[in-house]
Structure formats: C-alpha cells, structure tokens
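Residue numbers (the working numbering): 22 to 135. First comes the structure, then the notes that go with it.
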Ligand code: 5GP
C-alpha cells in the first residue's frame, strides 16, 4: 500500500486547507502559493495520478465531471471569467500527482485591462 499523497491528506482533513467548494466527489481549496489573484484547486476524491490515467481508469464521464466541478466551484465563488489549467505530467509542470484543475482569476480587479 503506497503512502497517502498530499491532496489525499487535504481531502481527509489531515492537512489544513481553505476549502471553497465540496460535494460527494470533489473538494476545492485555495492554492497555498497562488499564481493569480484568485487561485483555486479542484481535486477529485477518487485518486488518479494524472488526467490521462484518470481517463483510462475511470472513463470520459469522470473527466467531464471534473470539469463540471470546476465550473461549479467557480460559480460558487462568484467567478464569471476565469482560466482552467490542468498540468498533465512533470514536463508540463505537474508537481502534485493527484489529478486536479487549477482555477485562476481576478486579474481584472488587480490590474484592469485596457
Ligand atoms: P501542479 O503543479 O501539480 O499542477 O499544481 C500543484 C499546486 O498545488 C501548485 O500550484 C502548488 O502551489 C499547490 N500546493 C502544493 N502544496 C500545497 C499545499 O500543501 N496546500 C495547498 N493548498 N496547495 C498546495
């Protein structure tokens, strides 16, 4: 049995995080080192290490449900315009190997465009 990962510990409440959304299948919380004025992470409670392995092991409905959870998280936090990012693999910048979606937003308040 492999050791429990960082995001699994957050899901289980063993490591604190500022939760911003939760349902039966997903938890969302603030990124500890935000790269945008608003930076949230949406994490499935069912473990997979990365998005492509999630597709293979769980199928496209679960990949769709992850995007749905990201949209619900954005709405629940009053976000209308935002960027969704999924890093798939270390060469793309993935550092935590528990599939997750980044929600990044809030630039228009920090520095209005135009
Ligand atoms: P990745 O690079 O794997 O796509 O994204 C991992 C994200 O997790 C990074 O943006 C990083 O700042 C965030 N992160 C790493 N450790 C923690 C932690 O202990 N708590 C929270 N809330 N976020 C974390």
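Built from N, CA and C at the ideal position, the CB exists for glycine as well.
What did DSSP end up calling residue i once you bin it into helix, strand or coil?
i	result
residue 65	strand
residue 130	helix
residue 124	strand
residue 113	helix
residue 30	helix
Near residue i, what residues of its chain come up, given a Cβ to Cβ distance below 7 Å and the 5 sequence neighbours on each side ignored?
i	result
residue 65	46, 47, 87 and 120
residue 94	41, 42, 49, 61, 63 and 124
Run through the DSSP bridge pairs and tell me what residue i is partnered with.
i	result
residue 48	43 and 64
Note down the Cα distance separating residue i from residue j, rounded to an integer number of angstroms.
i	j	result
residue 82	residue 50	23 Å
residue 63	residue 91	6 Å
residue 71	residue 106	13 Å
residue 111	residue 52	18 Å
residue 3	residue 126	Residue 3 lies beyond the residue range present for the chain, which begins at 22 and ends at 135; the question has no answer from this structure.
residue 30	residue 39	13 Å
residue 24	residue 129	41 Å
residue 73	residue 35	27 Å
residue 28	residue 102	26 Å
residue 96	residue 115	25 Å
residue 85	residue 78	14 Å
Closer than 8 Å by C-beta to residue i: which residues in its own chain qualify, once you throw out the five before and the five after it? Chain order, please.
i	result
residue 26	68, 117, 118 and 119
Checklist entry - Along the chain, which unbroken stretches of the beta strand (DSSP E) at least 3 residues long are found entirely within the region 57–111? => result With a minimum length of 3 residues, the continuous beta strand (DSSP E) runs that stay inside the region 57–111 are 59–65 and 104–106.
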